[in-house]
Amino acid sequence: MDRRSFTLGSLGLAAGLATPMPALSQTPSYRGPNVILVRFGGGVRRAETIDEATTWAPYLRHVLAPRGTFIPDLRIDRLEGVNTSHAEGTLNLLTGRYLAYRDASEFLNDRLEPTEPTLFEYLRRAFDIPSHQVLLVNGEDRPQEEFFTFGAGDHFGIDFRSEMLSLHRYKLYRTRMQLAEGGLTDEARLALEAERTRLLTIDPRGATPEPSAEVEAFWARWRRDFGDSGFKNPRGDRLLTELSIRALRELQPRLLMVNYQDPDYVHWGNPSHYTRAIAIIDEGLQRLVSAVDASPFYRDNTIFVITPDCGRDANPLAEVPFQHHFNSRSAHETWAVIFGPGIGKGVIDKPIDQSAIAPTIAAAMGFMASRAEGSAIEGAFL
Ligand SMILES: [Zn+2]
11 MDRRSFTLGS LGLAAGLATP MPALSQTPSY RGPNVILVRF GGGVRRAETI DEATTWAPYL
71 RHVLAPRGTF IPDLRIDRLE GVNTSHAEGT LNLLTGRYLA YRDASEFLND RLEPTEPTLF
131 EYLRRAFDIP SHQVLLVNGE DRPQEEFFTF GAGDHFGIDF RSEMLSLHRY KLYRTRMQLA
191 EGGLTDEARL ALEAERTRLL TIDPRGATPE PSAEVEAFWA RWRRDFGDSG FKNPRGDRLL
251 TELSIRALRE LQPRLLMVNY QDPDYVHWGN PSHYTRAIAI IDEGLQRLVS AVDASPFYRD
311 NTIFVITPDC GRDANPLAEV PFQHHFNSRS AHETWAVIFG PGIGKGVIDK PIDQSAIAPT
371 IAAAMGFMAS RAEGSAIEGA FL
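In terms of our numbering, the sequence shown opens at residue 11 and continues consecutively.
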């Protein structure tokens, strides 16, 4: 019995089968296309990404956009209470709804957890896909996004979660292994225990449940290659690319979301950090697309959906231009590039709402995002 069927079986017994849950034999295996959802994140404006003349992401704009459906006018709706920010925009993408989250913070700010099903949960409820093949790749310093793997509330929840790859998760793995391996001086052991306690405090949900055996093996190989120091592995958004490339090779996810984030460092005031970060994501896209095109498992069977979490302000008079918390028009303005098998080629020359992304991915993969407010983008499919 594998880990998943054991978990489902024991939960069914514990719950007295009060909640109807499809038996594994009734859940079809997945035969549709793989999807790689790239959050071109940390908030980016159209000017530095999809504007042909001023882009810092030439591969995205000149190579990928013509390869499929280009939506230059994706918009975050101007609803009361909508915040144009990272966790909010990401959850809009994952749930197909606005305001489908609640504050999950006990001690720290900026912790949102979804209150409606995410794409991960819909997909794993519809198809028999193990958790290590539905993956979220996150940045190191956003443990708040560790909450996105499954939602709170009475919907599908933890049994249908995705698994998470991030440096934070690796450190949880490493500290657990180092403590179990022993052979430490008292001083080293105390330091490790303190590090692990701090990690668990940042993300109380992070160690529950433990990663699957497949993800444990992924981290064991990562540790073999990059060691315990933290100095050898790439950092920032390059780290997310490295995690994603290795995940494609070693775990073969059917749905992979990559949460790029570094353009957001512009909050601290240096515009070159922002444009440099956009160029680094563009390089990451090149690596991801090359890896897919070179892989017999992914080639001709993988759809890319590339879209930002939110835009940024365009106020040249502000002391630090391009923030994104002032509800300005351009903070609501994003875009999307979608390409792969079954996706049409062309430009959709009308406004599309951000809540359409989740149902579009659902339609491409063959399930319904039944709680989404938007509907699949007409004209994206062949
Ligand atoms: Zn920000």
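Glycine included, each C-beta is placed from N, C-alpha and C at the ideal position.
Can we say the stretch 286-301 touches the stretch 43-56, given the rule of at least three CB pairs closer than 8 angstroms?
yes
Anyone know if the C-beta pair for residue 369 and residue 382 falls short of 7 angstroms?
yes
In whole angstroms, what is the alpha-carbon distance linking residue 322 and residue 99?
12 angstroms
Looking at C-beta atoms only, is the number of pairs between the stretch 126-136 and the stretch 229-236 that lie closer than 8 angstroms three or more?
The stretch 126-136 is not in contact with the stretch 229-236.
Please classify residue 38 as buried or exposed, where buried requires at least 16 other C-beta atoms within 10 Å of its C-beta.
exposed
If you run the structure through DSSP and keep just helix, strand and coil, what is residue 64?
coil
Contact between the stretch 80-100 and the stretch 340-348: three or more CB pairs below 8 angstroms?
yes
Please tell me whether, using a cut-off of 6 angstroms, the distance from the CB of residue 53 to the nearest non-hydrogen atom of ligand 1 is below it.
It does: the Cβ of residue 53 is within 6 angstroms (strictly closer) of some heavy atom of ligand 1.
Of all the alpha helix (DSSP H) runs that stay within the bounds of the stretch 264-315, which reach a length of 4 or more residues?
281-303
Under the assumption that residue 175 contacts residue 101 (Cβ atoms under 8 angstroms), give the Cβ distance between them as a whole number of angstroms.
Going by Cβ atoms, the distance from residue 175 to residue 101 rounds to 19 angstroms, so no, they are not a contact pair.
Compute the distance between the beta-carbons of residue 86 and residue 342, then report whether it is under 7 angstroms.
yes
Given 8 angstroms as the limit, is there contact between the stretch 138-145 and the stretch 181-195, that is, 3 or more CB pairs closer than that?
no
Below 6 angstroms, is the gap between the Cβ of residue 274 and the nearest heavy atom of ligand 1?
yes
Return the bridge partner residues of residue 202 from the DSSP annotation.
Per DSSP, none; premise fails for residue 202.
So, with DSSP's three-state summary, where would you put residue 368?
helix
On the DSSP bridge assignment, give the partners of residue 197 in chain order.
None; residue 197 has no bridge partner.
Among 149, 62, 182, 48, which has the Cα closest to the Cα of residue 210?
182
Can you pull the DSSP bridge partners for residue 85?
343, 363
Where residue 97 and residue 304 are concerned, what is the direct C-alpha to C-alpha distance, given to the nearest angstrom?
When rounded, the distance between both Cα atoms is 32 angstroms.
Quick check on DSSP: helix, strand or coil for residue 92?
Reduced to three states, the DSSP call for residue 92 is coil.
Beta-carbon separation of residue 312 and residue 302 under 7 angstroms?
yes
Between residue 265 and residue 287, what straight-line distance do the alpha-carbon atoms span, to the nearest angstrom?
24 angstroms
Please check the pair residue 272 and residue 240, which I expect to be a contact at CB under 8 angstroms, by giving their CB distance rounded to whole angstroms.
Incorrect: roughly 18 angstroms between the Cβ atoms, too far for contact.
Can you check whether the CB of residue 325 is closer than 7 angstroms to the CB of residue 414?
Lying outside 11 to 392, the shown extent of the chain, residue 414 is not represented and no answer is given.
At what residues does the beta strand (DSSP E) containing residue 113 begin and finish?
Run containing residue 113: 111-113, per the beta strand (DSSP E) assignment.
Ordered along the chain, which non-local residues of its own chain (more than five positions away) have a Cβ less than 6 angstroms from that of residue 8?
Examination of residue 8 is not possible in this model, given that the chain is present from 11 through 392 alone.
In this structure, how does DSSP classify residue 139 when only helix, strand and coil are distinguished?
coil
How big is the Cα-Cα spacing for residue 373 and residue 386?
7 angstroms
Am I right that residue 384 and residue 106 are in contact with their C-beta atoms under 8 angstroms? What's the rounded C-beta distance?
5 angstroms
So what's residue 47 in DSSP terms, helix, strand or just coil?
strand
As a quick exercise: from 336, 377, 360, pick the residue whose alpha carbon is nearest that of residue 93.
336
What is the C-beta distance between residue 40 and residue 137, in whole angstroms, given that I count them as a contact (C-beta under 8 angstroms)?
That belief holds up - the Cβ atoms of residue 40 and residue 137 are roughly 4 angstroms apart, short of 8 angstroms.
What does the alpha-carbon distance come out to for the pair residue 376 and residue 244?
Approximately 36 angstroms, taken between the alpha carbons.
Since residue 73 is in the beta strand (DSSP E), which residue starts that stretch and which ends it?
Residue 73 -> no beta strand (DSSP E), and no H or E assigned at all.
Go to residue 189, then tell me how far its alpha helix (DSSP H) extends in each direction, as first and last residue.
177-191
Would you mind working out which of 73, 63, 42 sits nearest residue 316, comparing C-alpha positions?
73
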